[in-house]
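Per the numbering used here, the sequence shown starts with residue 211, numbered consecutively. Just so you know, even glycine gets a beta-carbon here, dropped at the ideal spot from N, CA and C. Treat the numbers as computed from the prediction; the structure is a model and nothing was measured. Report on the structure given below.
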Amino acid sequence: MRPAAIGRLATLVALVASCTSVSVAPPGSVAPPSAPSTGPSLAAATRQPTATPTPATWEDDLATIDRTVRIVHVSPFTIHPESEWVALLKDVSARIETATPNQQIALVASLMGLLDTHSSLVEIPGGWHFYGLLPYRFSDGWFVIRAGDHALVRDRLVSIGGVPIDQVVDRLTPLVPHDNADGLLEGLGWALNSVEYLNGTGVVAESAHPAFGLRRPDGSSVTVDPPALDEQHYDLVNPGWLTGPAPEAVARRGERIWTQLDKAHRVFLISVNDYGPMPDAATAMTAALDAHQADRVVFDMRYLQGGNGDIAILDTLKDDPRVNRPGGLTVLIGRENVSAATSVVEYLDLKTKATFVGEPTPARADNFRCDCPDTVLPHSGFTISVPTSWDRLGDDRPEIAPDVPMALSSTDFFAGRDPVLQAALRGLP
211 MRPAAIGRLA TLVALVASCT SVSVAPPGSV APPSAPSTGP SLAAATRQPT
261 ATPTPATWED DLATIDRTVR IVHVSPFTIH PESEWVALLK DVSARIETAT
311 PNQQIALVAS LMGLLDTHSS LVEIPGGWHF YGLLPYRFSD GWFVIRAGDH
361 ALVRDRLVSI GGVPIDQVVD RLTPLVPHDN ADGLLEGLGW ALNSVEYLNG
411 TGVVAESAHP AFGLRRPDGS SVTVDPPALD EQHYDLVNPG WLTGPAPEAV
461 ARRGERIWTQ LDKAHRVFLI SVNDYGPMPD AATAMTAALD AHQADRVVFD
511 MRYLQGGNGD IAILDTLKDD PRVNRPGGLT VLIGRENVSA ATSVVEYLDL
561 KTKATFVGEP TPARADNFRC DCPDTVLPHS GFTISVPTSW DRLGDDRPEI
611 APDVPMALSS TDFFAGRDPV LQAALRGLP
């Protein structure tokens with residue numbers, strides 16, 4: 211999936227159309243399509259380059275990466291200093307020729323990991339491969355929320371390849387380009403079940419036997435080897451990271467927008483999950499305020515990712531003094547607000563008196579933006595991508611943090627509870 215951009219128009223009505231998908235971890239460079247999860251299993255998924263790179267060709271490929279980062283990237287050393295880039299490039303150059311194919315992938319990914327949430331190792335020859343389960347980091351640990359084997363859902367992920375999960379995260383972190391901790395969480399969702407990354411970092415020695423160590427809800431332990439699927443048959447991240455039949459905001463995240471009048475708390479709820487025309491929601495909100503059925507608005511954008519399109523409802527919130535006042539607008543934000551969605555949060559932060567609740571944005575306040583052109587390395591065939599524009603607001607915050615931090619626990623999620631939304635509906639100081 212490619213990083214998305216948001217236009218810096220005064221009203222943010224239309225988002226820049228040059229990038230149309232979401233910034234996530236490197237293996238997510240292509241959105242997993244809606245397809246049955248019963249695709250071909252891979253006994254050992256490793257990259258098969260069209261030709262074996264030589265020392266000279268690796269030198270050329272790494273020089274191409276260096277030129278791309280220095281010339282194309284709008285500000286490559288914002289997250290990490292140039293000295294760190296130079297040192298790592300030298301280290302990778304010394305090791306990559308004798309590395310295995312998946313180790314080479316990890317080495318190139320580690321270079322991209324020094325950049326930012328919008329940068330990525332987009333593609334590799336033969337495509338990415340993923341194990342058939344989806345882990346998610348709740349406030350109380352990593353848990354399986356989707357899997358080809360539904361019996362694994364609700365299990366706590368405690369290890370991979372015999373390596374404790376915290377150590378797995380430590381090994382994978384350098385491979386995940388991120389602005390901040392939530393950007394890292396967003397990227398780890400891909401990396402934790404990427405065949406290439408787990409093998410390339412030495413977490414999994416034999417790709418056909420990843421040995422995911424799980425703790426069942428009853429306290430018992432089990433080790434499983436979920437099949438590896440190519441990216442054309444991996445559909446667990448659909449329509450987004452946090453998916454399931456409940457709570458309602460998660461179950462309905464496939465809808466572009468939905469609204470609800472909470473008469474008990476006199477609140478009008480607007481839940482936005484994608485970009486596009488939203489006049490009916492704006493009209494319904496205004497009608498509820500006019501009829502004195504509501505005197506507050508909750509704008510839930512936790513599951514709005516990157517993209518482009520109409521987002522004119524932001525002007526409706528900004529321009530109505532009944533909403534744009536202290537206590538009148540509560541905005542729910544979270545780790546999935548990548549790219550364009552971070553800029554939506556930024557706009558609301560600058561233009562309204564909203565109270566923000568939830569998790570920090572996964573990108574810095576001064577958000578990098580696309581166009582994010584592809585650069586194909588001439589010999590290995592790897593494809594990398596970096597952002598070419600930047601908000602440049604002079605805001606050095608590494609994230610836009612909520613006024614009221616609230617993270618979801620596995621206990622609440624699997625019970626179908628949404629304490630973040632319920633707190634917002636009840637009212638916050």
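Item, Value
"Residues near Arg535 in its chain [Cβ-Cβ closer than 7 angstroms; skip 5 each side]", "Lys563"
"Identified DSSP bridge partners for Pro374", "Ser369"
"Beta-bridge pairing of Pro345 - partner residues as DSSP gives them", "Val354"
"Neighbourhood of Thr327 by C-beta, 7 angstroms cutoff - its chain only, sequence neighbours within 5 removed", "Ser233, Pro387, His388, Asp389, Gly393, Val548, Pro572, Ala573"
"Tyr346 and Ile334 closer than 8 angstroms at C-beta", "no"
"Ala522 versus Gln515 - alpha carbon distance", "16 angstroms"
"Inter-residue spacing [alpha-carbon to alpha-carbon] between Ala314 and Asn403", "Strictly speaking, residue 314 in this sequence is Gln, with Ala absent from that position. Each residue's Cα considered, the two are about 18 angstroms apart."
"Separation of Ala316 from Asp276, as counted between CA atoms", "17 angstroms"
"Between the CA atoms of Val368 and Ile467 - distance to the nearest angstrom", "36 angstroms"
"Sheet register partners of Trp724 (DSSP bridge)", "This structure leaves residue 724 out entirely; the chain is present only between 211 and 639."
"Glu416, buried or exposed, once every other Cβ within 10 Å from all chains shown has been counted against 16", "exposed"
"Nearest-angstrom Cβ-Cβ length linking Val477 and Val434, presumed shorter than 8 angstroms", "Their Cβ separation, rounded to whole angstroms, is 43 angstroms, which puts Val477 and Val434 out of contact at 8 angstroms."
"Pair within 8 angstroms by beta-carbon distance, Leu479 and Leu524", "no"
"Buried or exposed by the 16-neighbour rule on C-beta atoms within 10 Å, applied to Pro531", "exposed"
"Buried versus exposed call for Val533 [16 or more other C-beta atoms within 10 Å across all chains shown]", "buried"
"Assigned exposure category for Pro291 - 16 Cβ within 10 Å defines buried", "exposed"
"Beta-carbon separation (whole angstroms), Pro181 vs Val284, contact threshold 8 angstroms", "In this structure the chain extends from 211 to 639, so residue 181 is not present and cannot be described."
"As assigned by DSSP and simplified to three states, the class of Gln503", "coil"
"Helix, strand or coil at Leu471 according to DSSP, with G and I counted as helix", "strand"
"Per DSSP, cross-strand counterpart(s) of Glu333", "Thr593"
"Reference Met488, options Val378, Glu465, Leu324, Leu499, closest by Cα", "Glu465"
"Neighbourhood of Arg280 by C-beta, 7 angstroms cutoff - its chain only, sequence neighbours within 5 removed", "Pro286"
"Exposed unless 16 or more other CB atoms sit within 10 angstroms - verdict on Glu294", "exposed"
"Leu635, buried or exposed, once every other Cβ within 10 Å from all chains shown has been counted against 16", "buried"
"Candidates Asp606, Ser430, Phe592, of which the one nearest Arg366 by Cα", "Ser430"
"8 angstroms Cβ cutoff met for Ser349 and Leu618", "yes"
"Cβ pair Pro263, His589 closer than 8 angstroms", "yes"
"beta-carbon His328 near the ligand ADP non-hydrogen atom, thresh 7 angstroms", "Because no ligand of any kind appears in the structure shown, any question about the ligand ADP cannot be addressed here."
"Neighbour-count burial assignment, Gly238, 16 or more Cβ in a 10 Å radius", "Reliability of the predicted coordinates at Gly238 is poor, the pLDDT of 32 falling under 50, and no value is obtained from them."
"Through-space distance from Thr526 to His339, alpha-carbon basis", "43 angstroms"
"Nonlocal neighbours in the same chain, by C-beta distance under 6 angstroms from Thr621, ignoring five residues either side", "none"
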